[in-house]
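In this note's numbering, the protein residues as written are 160 to 653. Just so it is clear, CB atoms sit at the ideal spot from N, CA and C, and this is done for glycine as well. Everything numeric in this text was worked out from a predicted model, so none of it was measured.
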C-alpha cells in the first residue's frame, strides 16, 4: 500500500487549498461534459438527470462550506465519490466516460485562470480611471522630472499619472491577447490521445464559453501550464510597473521630497500597523514598501514555471501541477497590488507648492533657458548649451538661483561667447518660470495644458475599448453558462 508520506506529497495541503478554489469550475466543466455525453447519446437521459441533480446538490454543499477534499483521493476523485453517493454508482461512474483527470483538471484550471485574468484587467482599468481623474485635476501642477535621480526638466503631475496609465494599458493588452489565445477547450483531449467514444468537443466548448477546442490532444495536455506561464509573463509587466511606481511614490513621500502624502486610508500616524511603536511622528508607507517587492516575487514565479515546463517530456506529468501555486501567487499579488494602488491614488495628497518650489530651486529650467537663447539668437544649441552650462555652474557654486541670475549677467556671458541676444527682464522671468515652461511643449505627448487634455480624452477611449473587449469575452462566457443551463433544463425539467 502506498504510504501516507507519498499521498501527502502528491495530494499536499497546499494543493488541496488550491484545488478547493477550482471546485466551482470543476463542477462547471463536469456539467458541460455530462451534457455533451447526453447530447451524443453516450449516456441516457435517466442517468443524465441523476448526474445533474447530484451536481446541483454538490454545489450547495460547496457553497455552504461543507465540501471536503479527501487527501487519499484528491479533488477529482472526491468529486466522483460525491457523485456516486448522490446519483448512484451507475450514473456517478458514467461521468468519467471519455474523460481523464488530465483534461478534467486542465479544463477547470483554464476556466479559473480566464476568470482571474479578466478580474486583473478590471482592477487595472479601475486604477487607470483614478489616474485619469488625477491627471485631469493636475494638468497644470508642476513637478520636477528626473534622470539619474537628479533634477532634469520640469514636468507635470498629470504627465506622471499618464505615464503610469500607459504602462498599465500595455499590460492590459498583453493579458487580452493571452486570454484570447488560450480561450480554447481542452475537454475531450482525455489523457493526451483522444477517445474512441463519439464525443462532440465543439458542443462542450460552447457550454464553457470557449471560442473553440484545443485541437490536438497531445499538444493540449503536454502543454498544461502554458496558459499560466503566458499569463505570468503578462503579470510580470504589471509587477514591474507596480514596483517601480511604488519606488517613485516612496521617494516622493519622504520628508525631504514632500511632494506626496498618502491619505489616511493608506497610512496614519500612531496607527498600530502604519505608525511607529516608539517614534510618534512616523507615518510609515508600509503598503508601498510591500508593493515594491511585488516584481521580484512575480518574476520568480514566472522563472519557476519556465523551469518546470522546460523539463517536462511529451504527455502528462504530475509535476506540471506545481505550476498552479506559482500562477495563484502571481495573480493574487498583482490583483491586490492594483487594488492598493487605486486606494493610494484615490486618497493621495499632492503638495503643489512644494513641487513647484523644488523646480524653481533645482536649476532644472536650465534647458528651457538654453532652448530660448538658441531659438532667439539662431546660435547652434550645443554651443549655447556649453555657454549656459558654464554660467549655471557658477550660479550653483555661488548659491544663486537661476531666476536670481539677472539679465545683465546673462547677456554679458552670452556676449563674451559671441552670442548676440537682447533679452528683457520680463522675457527672462517668463523663460525661467516653471508654469510658463510646461505650456511651451505643445508637441505630441507634451505638457501643455491643451495637449494634456487631449491625451486624457484619448485615454478615456482606450479604457472604453479595453472594457469593451473584456465585456465581449465575459458575454461569451455568460452565453455558455446560459446555454448549459438551458441544455440541462431540457433534460431534467426542473
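- CA-CA distance, residue 410 to residue 613, rounds to 29 angstroms.
- Looking from the CA of residue 592, the closest CA among 244, 553, 531 belongs to 531.
- By the 16-neighbour rule on beta-carbons within 10 angstroms, residue 206 is buried.
- Rounded to whole angstroms, the gap between the alpha carbons of residue 408 and residue 425 is 13 angstroms.
- In the three-state DSSP reduction, residue 514 falls in the helix class (H, G or I).
- At least 8 angstroms separates the beta-carbon of residue 386 from that of residue 493.
- DSSP, reduced to helix, strand and coil, places residue 266 within a helical segment of the structure shown.
- Looking at 315, 584, 533, 550, the one whose alpha-carbon comes closest to that of residue 594 is 315.
- Under a 10 Å Cβ-count criterion, residue 455 is classified as exposed, with fewer than 16 other Cβ atoms of the shown protein chains found around its own Cβ.
- Beyond the five residues adjoining it in sequence on each side, residue 465 comes within less than 7 angstroms, by CB distance, of 388 in the same chain, given in chain order.
- Remark: three or more beta-carbon pairs, one from each stretch, lie closer than 8 angstroms, so the stretch 333–352 and the stretch 258–276 are flagged as touching.
- Secondary structure at residue 321: helix, using DSSP grouped into helix, strand and coil.
- When only Cα atoms are considered, residue 489 and residue 557 end up about 52 angstroms apart.
- Put simply, the backbone Cα of residue 393 is about 48 angstroms away from that of residue 535.
- Here residue 649 is exposed: its Cβ has fewer than 16 other Cβ atoms, across all protein chains shown, within 10 Å.
- Linking residue 606 to residue 599 through their CA atoms gives a straight-line distance of about 8 angstroms.
- Residue burial is scored here from C-beta neighbours: residue 571 has fewer than 16 other C-beta atoms within 10 angstroms and is therefore classed as exposed.
- Just so you know, the alpha carbons of residue 395 and residue 631 end up roughly 25 angstroms apart.
- Looking at the backbone, the Cα of residue 635 and that of residue 622 are separated by about 20 angstroms.
- When DSSP states are grouped into helix, strand and coil, residue 222 belongs to the helix group.
- As the crow flies, the alpha-carbon of residue 169 is around 15 angstroms from that of residue 160.
- Under the three-state reduction of DSSP output, residue 344 falls in the strand class.
- Using a Cβ distance threshold of 8 angstroms, residue 245 and residue 213 count as a contacting pair.
- Pairing residue 290 with residue 330, the inter-Cα distance amounts to about 15 angstroms.
- Taken atom to atom, the span from the alpha-carbon of residue 196 to that of residue 202 is near 6 angstroms.
- Contact between residue 363 and residue 191 holds, since their C-beta atoms are separated by about 5 angstroms, short of 8 angstroms.
- Taking C-beta atoms as the reference points, residue 282 and residue 498 count as a pair closer than 8 angstroms.
- In the displayed model, residue 310 falls within a strand according to three-state DSSP.
- Three or more beta-carbon pairs separated by less than 8 angstroms link the stretch 218–234 to the stretch 166–186, which places the two stretches in contact.
- Out of 372, 484, 325, 310, the CA that lies nearest to the CA of residue 615 is found in 325.
- The stretch 533–549 makes no contact with the stretch 506–519, as fewer than three CB pairs between them are under 8 angstroms.
- With a beta-carbon spacing of about 7 angstroms, residue 524 and residue 313 fall inside the 8 angstroms limit used to define contacts.
- The continuous alpha helix (DSSP H) containing residue 197 extends over residues 172–198.
- In the DSSP assignment, residue 241 falls within the unbroken alpha helix (DSSP H) covering 234–246.
- The DSSP-derived three-state label of residue 303 is strand.
- Between residue 399 and residue 486, the gap from beta carbon to beta carbon reaches 8 angstroms or more.
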